[in-house]
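**Q** One structure, pasted below without further comment.
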Amino acid sequence: MEKDLTGKKFERLTVIKKDEDRKNHWICKCDCGNIVSVLDFYLIHGKTKSCGCYRADRARKHLESIRDITNKANKELSIDGTRISALTKSACSNSKTGVKGVIKVDGGKYTAAIKLRGKSKHLGTFDTIEEAKRARKEAEKVYYQPIIDKYKKMKENK
Ligand SMILES: [Zn+2]
């Protein structure tokens, strides 16, 4: 004997009628509007809860929550658009001079630059690496120190 499931609701699925073409299957309308044919066993035992949109929703929500966490972490690490981790790191591994922001250029001179809000700010061209280093250090004091102070304060207030 077969149960009549017509009109019954299983989570997102509402049973419309028996599927005449498939044994023990029922035509269901999902809350999202999709029509699906589902095996009665799956309906009754809650194995099928939707046309598939339920699982897709959950997958999407999961992705969104991961994105939220990442965004929050990024926000915490950057103030005024400048990444704190970038400020506190020492020389770039790809910096040939061994000094962050100082690059040797043609003619044996050195240029110094500082990164602000993801953009490089040129600090000038210098004859010696010492001068370039000094310019860079001064720029760090001017541009980075307030940001680092702000970051430290933010952490203390937590
Ligand atoms: Zn659906």
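Each residue of the sequence shown is one higher than the one before, counting from 3 in the numbering used here. Even glycine gets a Cβ: it sits at the ideal position worked out from N, Cα and C.
Could you tell me whether the segment 61 to 72 touches the segment 17 to 24, where touching means 3 or more Cβ pairs closer than 8 Å?
**A** Touching, no, given that fewer than three Cβ pairs across the two stretches are closer than 8 Å.
**Q** Please classify T50 as buried or exposed, where buried requires at least 16 other C-beta atoms within 10 Å of its C-beta.
**A** Per the 10 Å Cβ criterion, buried.
**Q** Do R24 and S39 have their C-beta atoms within less than 7 Å of each other?
**A** Contact flag set, yes.
**Q** Please return the same chain residues whose Cβ sits closer than 8 Å to the Cβ of E13, not counting the five positions on each side in sequence.
**A** Here the set comprises G48, K51, S52, Y56.
**Q** Just reading off the beta strand (DSSP E) that K41 is part of, what are its end residues?
**A** Inspection of the sequence shows that residue 41 is occupied by Leu rather than by Lys. Residues 37 to 41.
**Q** How far does the beta strand (DSSP E) with K123 in it extend, from its first residue to its last?
**A** Counting along the chain, the beta strand (DSSP E) containing K123 begins and ends at 121 to 128.
**Q** Going along the chain, which residues of its own chain have a beta-carbon closer than 6 Å to the beta-carbon of T127, five neighbours each way excluded?
**A** Contacts found: K111, T113.
**Q** Put T72 into one of helix, strand or coil per three-state DSSP.
**A** In the structure shown, T72 sits in a helix (DSSP, three-state: H, G or I).
**Q** Going by DSSP, what residues sit across from L118 in a beta bridge?
**A** L118 is bridged to K121.
**Q** Can you round the beta-carbon distance between V101 and R138 to whole angstroms, since I take them to be within the 8 Å contact cut?
**A** Correct: roughly 7 Å between the Cβ atoms.
**Q** With ligand 1 as the reference, list in chain order each residue whose Cβ lies under 5 Å from any of its heavy atoms.
**A** This selection yields C32, C34, N36, S52, C53, C55.
**Q** Compute the Euclidean distance between the alpha carbons of D42 and K31, then round it to the nearest angstrom.
**A** The alpha-carbon atoms of D42 and K31 are separated by roughly 14 Å.
**Q** Does DSSP put V144 in a helix, a strand or coil?
**A** Reduced to three states, the DSSP call for V144 is helix.
**Q** Taking 7 Å as the limit between beta carbons, can you name the residues of its chain near D162, skipping five residues before and five after?
**A** Since the displayed the chain opens at 3 and closes at 160, residue 162 lies outside it and no answer follows.
**Q** Secondary structure at K63, three-state DSSP: helix, strand or coil?
**A** Helix.
**Q** Hey, would you say L118 sits closer than 7 Å to Y153, going by beta carbons?
**A** Cβ atoms of L118 and Y153: not closer than 7 Å.
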